[in-house]
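Chemist: Please find one structure pasted underneath; my questions will follow.
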Amino acid sequence: MQPTSMKAWRYNKTPLDDIVFDGPDATFVLESIPVPKPDDVSILVKPLMLSNDPAQRTWIQKDRAKMRLYMPPVLEGEIMAALGIAQVIAVGQKVSKYKAGDLVLGLLQWAEYLTIKDDDVWLSLINGGNPLEFDMSVYLGAMGLSGITAYGGLMRMCEFKPGQSLIVSGAAGSVGNIVVQYAKNVVGASYVIAIAGSEEKCDWLRKHGADVALNYKSPTFEQELIEATPDYIDAMFDNCAGPILDACLLRLKYWARIAVCGAISSYNDSAGQHLKNYTEIVINRLQLLGFIATDFYDMVGEIQGNIGKAIKEGKVVVKDAETIVDVRDKFEDIPKVWYRLFEGGNIGKLVTVVGDEE
Ligand SMILES: NC(=O)c1ccc[n+]([C@@H]2O[C@H](COP(=O)([O-])OP(=O)(O)OC[C@H]3O[C@@H](n4cnc5c(N)ncnc54)[C@H](OP(=O)(O)O)[C@@H]3O)[C@@H](O)[C@H]2O)c1
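In UniProt numbering, the protein residues as written are 1 to 358.
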């Protein structure tokens, strides 16, 4: 018997800078609301695992022009959105693509149940409906959006070749760790510098393919970067922008390609980005190449095939590259778990377990 009411996190108030957790200006509020009913062309799903993505912060960004976004923003009053894995509980009369019990990947919500139109572009059967080859959470990380982003950014945007050198920022995160491992252990990078925010993460990166790992919070970070790059570097995969990118602009070769993947250093800061070394881009012909993972959907088969093979061969480690938080009895923790992304509280993919299969 399905419950008639459920818990859901509503997006309450646009944050100016940092997320607000309590009081009248709280960014999100927890509510008890009726379980929605699917119409003829929708399915009712129960989220099992939520993906935590820095991009969710940009979906609730103040004053962002809607027509410039790659997906619709979440508006004040709506339930907060999140990518994730869910189980299909019921389907509308005209739905033929999905049946009760299927596991799907899609754009979900911070809610115990939700309905999704069967033709939603983000919705698909997990692993194409075939039996899972890896733990379910891996389809949110290396075999999911993070893997597509890492591979597409490295191989298509950086055009990365065996024997080249690479700097990766945000290197111990979900996208970053795959870039480090794939560049070094599969493509055959000559030299990988990984940048992350703690000594523990730097040790972890040295174990998984980084020739050098630098803690950007160290007071001597800029000097250590200079010492680590006597011959300058061929390419960069940048997840952070801000002061880290600024320091790296000084250490790249002429015509170096930079995959501009994200800018997490400024997502909670309305002051935006400021690069004091901007003219390096002009003088050294640096190629800053922005992209969104959906640009690589034409190569998803190639990406998942190659990353899947690398995982099976032990060249890309996934077991050790996840931070899984179980909130099945603590639905109220969902925003705080997500916020760990901005505090450096994850190694690899940060996944929130929210429900059990029925
Ligand atoms: N273009 C695309 O299509 C696409 C797709 C997916 C992700 N992205 C972007 O890729 C980046 C990484 O995403 P992810 O999912 O892999 O997240 P993630 O790296 O697993 O988690 C975020 C990490 O960012 C670091 N961080 C937080 N605040 C920072 C700051 N002020 N300066 C430097 N580092 C900071 C933290 O690690 P430390 O402890 O090292 O600080 C944290 O663990 C994000 O910028 C995201 O928006 C882009």
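Idealized CB from N, CA, C, for every residue including glycine. Owing to the predicted nature of the structure, the values given are computational and were not obtained by experimental measurement.
1) Distance, Cα to Cα, residue 98 vs residue 118?
2) What does DSSP give as the partner residue(s) for residue 334 in the beta ladder?
3) So, helix, strand or coil for residue 138, using DSSP?
4) Ignoring anything shorter than 4 residues, give me the alpha helix (DSSP H) runs that lie fully in the region 293-347, in order along the chain.
5) Could you tell me if residue 205 is buried or exposed, where buried requires 16 or more neighbouring beta carbons within 10 angstroms of its beta carbon?
6) Under a three-way DSSP split, which group does residue 260 fall into?
7) Just checking residue 35 against ligand 1 - is the residue's beta carbon closer than 8 angstroms to any of the ligand's heavy atoms?
8) Which residues in the same chain have their Cβ closer than 7 angstroms to the Cβ of residue 289, if we skip the five residues on either side of it in sequence?
9) Would you mind stating whether residue 151 and residue 182 have Cβ atoms separated by less than 9 angstroms?
10) Heavy atom of ligand 1 less than 8 angstroms from the Cβ of residue 218, yes or no?
11) Could you tell me the distance, in whole angstroms, from the CA atom of residue 344 to the CA atom of residue 282?
12) Does the region 172-181 touch the region 201-219, meaning 3 or more C-beta pairs lie closer than 8 angstroms?
13) State the start and end residues of the unbroken alpha helix (DSSP H) segment that holds residue 182.
14) Could you spell out the range, first to last residue, of the beta strand (DSSP E) harbouring residue 84?
15) To test your reading of the DSSP string, which unbroken beta strand (DSSP E) runs of 3 or more residues are found completely within the region 196-282?
16) Could you tell me the distance, in whole angstroms, from the CA atom of residue 28 to the CA atom of residue 292?
17) Can the beta-carbon of residue 350 be found less than 9 angstroms from the beta-carbon of residue 332?
18) Tell me which same chain residues have a C-beta within less than 6 angstroms of the C-beta of residue 92, skipping the five on either side of it?
19) Along the chain, where does the alpha helix (DSSP H) containing residue 146 start, and where does it finish?
20) Return the Cβ separation of residue 162 and residue 187 in integer angstroms, given the expectation that the two are a contact with Cβ distance under 8 angstroms.
21) Kindly identify the DSSP beta-bridge partner or partners of residue 117.
22) Would the beta-carbon of residue 122 fall within 9 angstroms of that of residue 83?
23) Can you check which of these residues, 86, 94 and 180, is closest to residue 51 by C-alpha distance?
Modeler: Well, looking at it:
1) What you label residue 98 is simply residue 98 of the sequence shown in a count that begins at 1. What you label residue 118 is simply residue 118 of the sequence shown in a count that begins at 1. Straight-line Cα distance between these residues: approximately 8 angstroms.
2) By one-based count along the sequence shown, residue 334 stands at place 334. According to DSSP, which records beta bridges pairwise, residue 334 is partnered with nothing at all.
3) Translated into positions along the sequence shown, residue 138 becomes position 138. Residue state, collapsed to three classes: helix.
4) 300-312 and 334-343
5) As a working mapping, residue 205 is identified with position 205 in the sequence shown. Looking at its Cβ environment, which holds 16 or more other Cβ atoms inside 10 Å, residue 205 is buried.
6) By one-based count along the sequence shown, residue 260 stands at place 260. When secondary structure is reduced to three states using DSSP, residue 260 falls in the strand class.
7) To locate residue 35, count along the sequence shown from 1; it is residue 35. No, Cβ of residue 35 sits at least 8 angstroms from all heavy atoms of ligand 1.
8) By one-based count along the sequence shown, residue 289 stands at place 289. So the qualifying residues of the chain are 157, 257, 258, 259 and 260.
9) Sequence index remark: in the sequence shown, residue 151 carries index 151 (1-based). Sequence index remark: in the sequence shown, residue 182 carries index 182 (1-based). It is a contact, given that the beta carbons lie within the stated cut-off.
10) In the sequence shown, residue 218 corresponds to position 218, counting from 1. No, the beta carbon of residue 218 sits no closer than 8 angstroms to any heavy atom of ligand 1.
11) Working through the sequence shown from its first residue, we reach residue 344 at position 344. Working through the sequence shown from its first residue, we reach residue 282 at position 282. Their backbone Cα atoms lie some 32 angstroms apart in a straight line.
12) yes
13) Position 182 of the sequence shown holds residue 182. 174-182 is the span of the alpha helix (DSSP H), which, as asked, contains residue 182.
14) Position 84 of the sequence shown, counted from the first residue, corresponds to residue 84. Taken as a continuous stretch (DSSP letters only), the beta strand (DSSP E) holding residue 84 covers 81-91.
15) 212-215, 233-238 and 252-260
16) Here residue 28 corresponds to residue number 28 of the sequence shown, with the count starting at 1. Here residue 292 corresponds to residue number 292 of the sequence shown, with the count starting at 1. Distance between the alpha carbons of residue 28 and residue 292 is about 26 angstroms.
17) As a first step, residue 350 must be located in the sequence shown, where it is residue number 350. As a first step, residue 332 must be located in the sequence shown, where it is residue number 332. No, the Cβ-Cβ distance between residue 350 and residue 332 is not below 9 angstroms.
18) Translated into the one-based positions of the sequence shown, residue 92 becomes position 92. Within the same chain, residue 92 has close Cβ partners 38, 39, 40, 41 and 42.
19) Position 146 of the sequence shown, counted from the first residue, corresponds to residue 146. Start and end: 145-151.
20) Within the sequence shown, numbered from 1, the residue matching residue 162 stands at position 162. Within the sequence shown, numbered from 1, the residue matching residue 187 stands at position 187. Correct: roughly 6 angstroms between the Cβ atoms.
21) Looking up residue 117 in the sequence shown gives position 117. DSSP, once it has assigned bridges, lists 42 as partnering residue 117.
22) For the purposes of this step, residue 122 is taken as the residue at position 122 of the sequence shown. For the purposes of this step, residue 83 is taken as the residue at position 83 of the sequence shown. Result yes, Cβ atoms of residue 122 and residue 83 sit closer than 9 angstroms.
23) By one-based count along the sequence shown, residue 51 stands at place 51. Of the listed residues, the one whose Cα sits closest to residue 51 is 86.
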